[in-house]
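Start counting the sequence shown at 13; every next residue gets the next number (the working numbering). The beta carbon of each residue, even a glycine, is placed where N, CA and C say it ideally should be. Contents: one structure, followed by commentary.
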Amino acid sequence: MSRRPTGAQTPATRARKSAWHSRRMTFGPALFDPDRFHRSLAQFNAARLMPATPSGDWRQALRLECAMRESEGDFIESLRGRVGAWVPREFLAVDDFMAWFEALAIEGPGQGHPFFDWLADDASPAQLRWFLTQEAAGEAGFEDLLAYTQVRLPTQAKLECARNYWDEMGHGKAAAMHGGMLERMVQGMELRPTIEGTVWESLALGNAMVAMATTRRYAYQSIGALGAIELTAPGRVAKVSLAMRRVGLDSKMRAYFDLHAALDVSHARSWLREVIRPLVEADPACAPHIAEGALMRLYCGQRCFERYDHDLRQPARPARAENAFEASTATGQAC
């Protein structure tokens, strides 16, 4: 029986090392390049989240991982700083917090962005393909984010995570798994999503979600971010489905988007009722962290919409009015 030499590097280790070398050249207050950084971090995440086997270079791999995780932490802290002004200083009651959170569906960063109306009504088949490729490449895997986030949560919240996870897994049927539906669309349309071909804003969104879900100090931020997805996705994915229908894509290609346009409405209600409210009732101090996570997710989404809008729509497009969140701070490039 063959054995791997103790000094050999696994493919995952080589990927981590490549990401680390790229990060080392680009990351820093004066040299920060978000494009190169988020490609490096996305490559690192793709390698470290895959199942692997023991190897003799595990110490070196761990050192590289620690370096990347430190840079990942800098990224998340920069996001926290970016949205900090949007988080109310205090919530007088749980009902106040819940009302504020639910209002994000209308008033949060990026909500009501006209890009999706344009996509539904006017995007060409080639433009729609580009958009779908970007979205597929930046997909972090909702079921995996749930699995990481639910670790050691209180029972009520954990059970809702389990119900949501079971939905994502198609109730145990491979054909009904949500990730599988997305993959069948990618294959059916012959899309080629790659890290190298994806705009950094989309990669940053996926990187932020992975960081929050896999880092326990950001567990409450992950809860808020997942709640924001459920709360805000239905309207957008419905417009994506309309665009797909308009250009002649059949129901099998649209299945992922049609499903989430309906299912996420009930998921949002359940997440608010079974996860967020009980956690805030038990410990009001977690409310600002949940709020931060929701805003970080929406802010990253807003940056994606702006980039898509810039790259796809005509230069003569009309100016967009800012909502209250967007008007309260300047848009920066460092995140």
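Would you please state the rounded distance, in angstroms, between the beta carbons of Arg-266 and Arg-257? I believe it to be under 8 Å.
Rounded, the Cβ-Cβ distance is 6 Å, consistent with contact.
Expected contact under 8 Å - CB spacing of Ala-225 and Tyr-160 to nearest Å: Indeed, because the Cβ distance is near 4 Å, the residues count as touching under 8 Å.
Checklist line | Gly-236 and Gly-305 closer than 8 Å at C-beta | finding: A contact, by the Cβ cut-off of 8 Å.
* To do: Drop a sphere of 10 angstroms on the beta-carbon of His-272, count the other beta-carbons inside from all chains shown, and report buried for 16 or more, exposed for fewer.
  => With 16 or more Cβ atoms within 10 Å of its Cβ, His-272 is classed as buried.
Please name the residue in Leu-307, Val-277, Ala-58 and Leu-324 whose C-alpha comes closest to that of Gly-150.
-> Answer by Cα proximity: Ala-58.
Beta-carbon gap between Ala-8 and Ala-132 smaller than 8 Å:
Only positions 13 to 347 of the chain appear in the structure, and residue 8 is not among them; the question remains open.
* To do: Let me know if Ile-118 comes out buried or exposed under the rule of 16 or more other beta-carbons within 10 Å of its beta-carbon.
  => It is exposed - the Cβ of Ile-118 has fewer than 16 other Cβ atoms within 10 Å.
* To do: Could you check the C-alpha separation between Pro-300 and Val-222 for me, to the nearest Å?
  => So the two alpha carbons sit approximately 20 Å from each other.
Practice task
Pull up the distance between the alpha-carbon of Arg-325 and that of Ser-282, whole angstroms please.
Solution key: Cα-Cα distance, rounded: 36 Å.
Taking the beta carbon of Gly-96 as the centre, do at least 16 other beta carbons fall within 10 Å, making it buried, or is it exposed? Label assigned to Gly-96: exposed.
Original post:
What is the rounded straight-line gap between the Cα of Met-193 and the Cα of Tyr-268?
Top reply: Approximately 5 Å between the Cα atoms of the pair.
Item to complete: Starting from the Cα of Asp-156, find the closest Cα among Leu-76, Cys-173 and Ser-83 and give me that residue.
Response: With distances taken between Cα atoms, Asp-156 lies closest to Cys-173.
query = Taking C-beta to C-beta, are Leu-238 and Leu-158 nearer than 8 Å?
reply = Going by C-beta atoms, Leu-238 is nearer than 8 Å to Leu-158.
Contacts around Gln-162, its chain only, beta-carbon distance under 6 Å, and the 5 residues preceding and following it disregarded
For Gln-162, where only same-chain residues beyond five positions count, the Cβ hits under 6 Å are Lys-170 and Cys-173.
Pick from Glu-202, Arg-229, Trp-98 and Ala-115 that is closest to Cys-298, judged by C-alpha positions: Nearest option by C-alpha distance: Arg-229.
Hey, is the segment 201 to 221 in contact with the segment 85 to 102, meaning 3+ C-beta pairs nearer than 8 Å? Judged by Cβ distances under 8 Å, the segment 201 to 221 makes contact with the segment 85 to 102, as three or more pairs qualify.
Rounded to the nearest angstrom, what separates Glu-114 and Arg-289 at their Cα positions?
Distance between the alpha carbons of Glu-114 and Arg-289 is about 12 Å.
On the criterion of 16 or more Cβ atoms from any shown chain inside 10 Å, does His-33 qualify as buried, or is it exposed? Because His-33 carries a pLDDT of 38, less than 50, the predicted location of this residue cannot be relied on, and no value is offered for it.
Worksheet entry | Three-state secondary structure assigned by DSSP to Gly-122 | Of the three classes helix, strand and coil, the one that applies to Gly-122 here is coil, per DSSP.
| said: Can you look up Thr-227 in the DSSP assignment and give me helix, strand or coil? | reply: Per DSSP, reduced to three states, the secondary structure at Thr-227 is coil, with no helix or strand assignment.
Exercise for the section: Measure the C-alpha to C-alpha separation of Tyr-232 and Thr-206 and round it to an integer number of angstroms. Expected result: Near 30 Å, if we compare the C-alpha coordinates of Thr-206 and Tyr-232.
Assuming Glu-147 contacts Arg-51 under a Cβ cut-off of 8 Å, what Cβ separation, rounded to an integer in Å, is found between them?
About 17 Å separates the beta carbons of Glu-147 and Arg-51, which is beyond the 8 Å limit, so they are not a contact pair.
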